[in-house]
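*Asks:* Going by the UniProt record's numbering, the sequence shown runs without a break in its numbering and finishes at 109.
Even for Gly, the Cβ is constructed at its ideal location relative to N, Cα and C.
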Amino acid sequence: MAQTETEQVTFEMTIDDGRTRIDVSGDRDTAVVVRSKSGEKIYLPPEDFDRPPEDRQTPYDSPYQSADGTADSPYRTQTDTTSVTGLEPTADGYLIVHPEPVTDVRFLR
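1. My assumption, with CB atoms under 8 angstroms, is that arginine 35 sits in contact with valine 102. Please give the rounded CB distance.
2. Return the first residue and the last residue of the beta strand (DSSP E) that arginine 19 is part of.
3. Bridge partners for proline 89 per DSSP, in chain order?
4. I believe valine 97 touches arginine 21 by the beta-carbon criterion, under 8 angstroms. Please report the beta-carbon distance rounded to the nearest angstrom.
5. If we ignore side chains and look at the alpha-carbon of each, how far apart do tyrosine 43 and aspartate 17 end up?
6. Thinking just about the alpha-carbon of each residue, which of Ser38, Val24, Gln8 is nearest to the one in proline 45?
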């Protein structure tokens, strides 16, 4: 049986103000299971995990977008985790914001 080469996955987790932020880079074909005071929650891969993250429709579309989404800009601020809960795709992976402190994290491929 031949082994398939899988892309590396790295993550950084921070807990601040009662919320957990998990920044995932690498293979987007992963599920994340977290456990917290309210129980277990499963975050599935982004729906479009199998396509390149930056998919432009025409040569005139800009890969840059302002943080508020109103105008094209070469600058994008970091995602504001105070307004996001759940899973958000990013250019090199995805971001999970869980509404409470996490006590256990597991990645599934």
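*Replies:* A quick look at the data gives this:
1. Position 35 of the sequence shown, counted from the first residue, corresponds to residue 35. Position 102 of the sequence shown, counted from the first residue, corresponds to residue 102. Confirmed, Cβ separation roughly 7 angstroms.
2. Within the sequence shown, numbered from 1, the residue matching residue 19 stands at position 19. Where arginine 19 is concerned, the enclosing beta strand (DSSP E) stretches over 19-26.
3. Stepping through the sequence shown from its first residue, residue 89 is reached at position 89. DSSP lists Tyr94 as partners of proline 89.
4. As a position in the sequence shown, residue 97 is number 97, starting the count at 1. As a position in the sequence shown, residue 21 is number 21, starting the count at 1. At roughly 5 angstroms, the Cβ-Cβ gap stays under 8 angstroms, so valine 97 and arginine 21 are in contact.
5. Taking the sequence shown and counting its residues from 1, the one referred to as residue 43 is at position 43. Taking the sequence shown and counting its residues from 1, the one referred to as residue 17 is at position 17. The straight-line gap from Cα to Cα measures roughly 21 angstroms.
6. As a working mapping, residue 45 is identified with position 45 in the sequence shown. Checking every option, the nearest Cα to that of proline 45 belongs to Val24.
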